[in-house]
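Student:
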Amino acid sequence: LGVSAIGKIGPTYSQNYRDLENYYDALARNELPIMRGLELNADDLVRRAIIQALMCHFELSKESFNVAYLIDFDRYFAAEMPELEDYAREGLLELSPQWITVTPKGRMLIRNICMVFDKYLRTKQEHARYSKVI
3 LGVSAIGKIG PTYSQNYRDL ENYYDALARN ELPIMRGLEL NADDLVRRAI IQALMCHFEL
63 SKESFNVAYL IDFDRYFAAE MPELEDYARE GLLELSPQWI TVTPKGRMLI RNICMVFDKY
123 LRTKQEHARY SKVI
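Per the working numbering, the sequence shown starts with residue 3, numbered consecutively.
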């Protein structure tokens, strides 16, 4: 609610206009002041749930994701596992066959840990590295 607000309804995100003029113009036309929106795909939903679980509870059950999203967690996130293992070696995570648990030391860096699962951020970083090479 409000200028530049981001909302979540079901499998979508929307962002309101960032400036007061467009925001109030849309309201005056009896329209929602939405500037842009995004519909999430199945992969986005899994990743959103993982990030939410880690940020809110500092742990997740791989099996619960296997059941809820019909995936094999370790296979589905095979590309992310080396980075998670690095965090585990640093004492920020505990990895087991069934759980990912953020340690008290890792809680201060929870955003960094969750970035492992953010494919859009990863894509931007890979693009930036490619652009720097060129």
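Using N, Cα and C, we set each Cβ at its ideal position, and we do this for glycine too.
Assess contact between the segment 64 to 77 and the segment 117 to 124, defined as three or more Cβ pairs (one per stretch) separated by less than 8 Å. Is contact present?
Tutor: Not touching, per the Cβ criterion.
Student: Let me check one thing: in DSSP terms, what residues is serine 6 bridge-paired to?
Tutor: Paired residues: none, contrary to the question.
Student: Which one or two residues does DSSP pair with asparagine 18 in a beta bridge?
Tutor: Bridge partners of asparagine 18: Ile36.
Student: With DSSP as the reference, label valine 118 as helix, strand or coil.
Tutor: Correct three-state label for valine 118: coil.
Student: What first and last residue would you give for the alpha helix (DSSP H) that runs through leucine 56?
Tutor: Element bounds for leucine 56: 44 to 59.
Student: First and last residue of the alpha helix (DSSP H) that includes leucine 86?
Tutor: First-last of the alpha helix (DSSP H) with leucine 86: 83 to 91.
Student: Would DSSP call lysine 134 helix, strand or coil?
Tutor: Confidence is the limiting factor: at lysine 134 the pLDDT is only 46, short of 50, which leaves the residue's position unreliable, though a coordinate-based value still follows. In this structure, lysine 134 counts as helix in the three-state DSSP scheme.
Student: Per DSSP, which residues does valine 104 bridge with? Please list them.
Tutor: Partner(s): Leu95.
Student: Identify whether leucine 123 lies in helix, strand or coil by the three-state DSSP scheme.
Tutor: In this structure, leucine 123 counts as helix in the three-state DSSP scheme.
Student: For histidine 59 and alanine 28, what's the separation of their Cα atoms in angstroms?
Tutor: One C-alpha to the other measures close to 38 Å.
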